[in-house]
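Working notes, beginning with the structure itself.
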Amino acid sequence: MTADNPRILLVEDEELNRSLVKAVLARADVEAVRDAEILDAPSLAAARTQLGREDVDLVLLDMNLPDGNGLTLAGELVAGTATAGRPRPSVVAVTASVLPQDRAAALEAGCDGFLDKPYAAADLVAVVAEHLSRRP
1 MTADNPRILL
11 VEDEELNRSL
21 VKAVLARADV
31 EAVRDAEILD
41 APSLAAARTQ
51 LGREDVDLVL
61 LDMNLPDGNG
71 LTLAGELVAG
81 TATAGRPRPS
91 VVAVTASVLP
101 QDRAAALEAG
111 CDGFLDKPYA
121 AADLVAVVAE
131 HLSRRP
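Residue numbers for the sequence shown follow UniProt numbering, so the first one is 1 and each next one is one higher.
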C-alpha cells in the first residue's frame, strides 16, 4: 500500500459484518478497491474519532448503530463538522432498512449512495469502485 491508496472508513457495529466486508474488498478484482486501506469503527463515536484523525475517501455507513442513526454522521460530514476542514469523503449508506423512504432519507441526509443489505459481494465492490473513482 502506498500513500496514494484510497482509505475507506467502515462504520458497522457487527464484528462479523466488518470482517466480511474487509475480506470481500481485499479480494476484489478492482485494484483500487483491493489496495484500499480499511479503517473501521463499531459506533458513531468511534467513527467521529477516526474522522477527526484520518483523511478518508469513502465512508461505508451502517444506519442503525448502537449509539444512534448513521444519518446523523452523514449530516455532520455534509456540514463539515466531522472532518475539521478536510475534504468530505463520499458516503454510502449500507443498511437493511430498504424501504423507499429509508433510501430517500439517506440521500437527503447527504449520502452519495445506498446499498441494501443483504448484498452480493460484487455489488459491494461495484459501489466502492464507483465512489473511489470519483476521488481527486
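All C-beta atoms, glycine included, are put in the ideal place defined by N, C-alpha and C.
Collapsing the DSSP output to three states places Glu37 in a strand.
For Arg53, the secondary structure class from DSSP, reduced to helix, strand or coil, is helix. Straight-line measurement puts the Cα of Pro118 at about 20 Å from the Cα of Ile8. Contact check for Val59 against Val21 fails: the beta carbons are separated by 8 Å or more. With a cut-off of 8 Å on Cβ pairs, the segment 77-85 is not in contact with the segment 26-33, counting fewer than three such pairs. As the crow flies, the alpha-carbon of Asp112 is around 14 Å from that of Thr95. Between the alpha carbons of Pro136 and Asp55 lies a gap of roughly 13 Å. The Cβ-Cβ distance between Asp123 and Leu115 falls below 8 Å.
Excluding residues up to 5 positions away in sequence, Leu58, Asp112 and His131 lie with their Cβ nearer than 6 Å to the Cβ of Ser90 in the same chain.
Contact check for Ala121 against Val24 passes: the beta carbons are separated by less than 8 Å. Looking at Ala26, Leu107 and Gly68, the one whose alpha-carbon comes closest to that of Pro6 is Ala26. Each of Pro87, Pro66, Ala93 and Leu65 was checked against the Cα of Gly52, and the nearest Cα belongs to Pro87. Of all alpha-carbon atoms in Val125, Gly110 and Arg18, the one lying nearest the alpha-carbon of Pro42 is that of Arg18. Taking a contact as a CB-CB distance under 8 Å, the pair Leu61 and Val92 counts as one, their CB atoms being some 7 Å apart.
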